[in-house]
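Reading through the structure tokens given below for one structure.
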Amino acid sequence: MGNCWRMPEDHSGLLHAPITPFASMPTSAALPPANSYLTFAHPNSTTSNMHMPKLVILNRSSADLDAIKAAQCRNLVEHLPLINYNEKTVKQTECDICLMDFLPDEQIRQLPCDGGHVFHPSCIDKWLEKSLTCPHCSTNVDAALLLKFVPHARNKSSNADDDDDW
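Under numbering that gives the first Met the number 0, the residue at position 74 of the sequence shown is numbered 73, and the numbers go up by one with no gaps.
Right, here's the structure in full:
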């Protein structure tokens, strides 16, 4: 069985060729309609009406991906509560990120992890831009936040083994 694609005899340029996948693709690709199709055929085939679902490859720059991640982070942070620090109700006395003590009645941001860990808003907001985990216990913050909004999801996941009734 042979190779379908002929390669040039001189392979020395392959070692130093820059890797630029999808370089010929436009930098902004729009999503096609859901019912559109793309015709696929083997280069040597005379059949050109083989219909398959259209494949979409989005070539996004790292700046686009960073902007999307930043928007998702801002959306997440908007749902995290700000509370006033009170040493009687909050066990933590300092921010685990900057290691500065909380001041009485200072606004702090509480994460939805089981420990309800708190941080300075400026510290945790910057942290969440880089990582969506709690710096204290490594809980996935967006998943924990979802469980707060959908409380029955936690019970379903813990009782998944008990539902073998079929």
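C-beta atoms are modelled at their ideal positions from N, C-alpha and C, and glycine is treated no differently.
Between the CA atoms of residue j and residue i - distance to the nearest angstrom
| i | j | result |
| --- | --- | --- |
| residue 70 | residue 83 | 26 Å |
| residue 111 | residue 60 | 32 Å |
| residue 108 | residue 68 | 20 Å |
| residue 140 | residue 99 | 22 Å |
| residue 101 | residue 92 | 6 Å |
| residue 167 | residue 146 | Because the chain in this structure spans residues 0 to 165, residue 167 falls outside the shown range and cannot be described. |
| residue 64 | residue 72 | 12 Å |
| residue 66 | residue 131 | 16 Å |
| residue 137 | residue 144 | 14 Å |
| residue 22 | residue 90 | Below a pLDDT of 50, predicted positions are generally treated as unreliable, and residue 22, at 48, falls in that range; no measurement from the model is reported. |
| residue 148 | residue 122 | 24 Å |
| residue 224 | residue 135 | As displayed, the chain neither begins before 0 nor continues past 165, which places residue 224 out of reach and without an answer. |
Limits of the unbroken beta strand (DSSP E) element including residue i
| i | result |
| --- | --- |
| residue 81 | 81 to 83 |
| residue 107 | 106 to 109 |
One or two residues paired with residue i in a DSSP bridge
| i | result |
| --- | --- |
| residue 86 | Paired residues: none, contrary to the question. |
| residue 132 | 139 |
| residue 117 | 109 |
| residue 100 | 93 |
Given residue i as reference, the closest of the options once Cα atoms are compared
| i | options | result |
| --- | --- | --- |
| residue 106 | 114, 94 and 113 | 94 |
| residue 117 | 80, 63, 72 and 66 | 80 |
| residue 104 | 90, 86 and 136 | 86 |
| residue 114 | 148, 121 and 133 | 133 |
Span of the alpha helix (DSSP H) around residue i
| i | result |
| --- | --- |
| residue 77 | 61 to 77 |
Any 3 or more C-beta pairs closer than 8 Å across the segment 71 to 79 and the segment 120 to 132: yes
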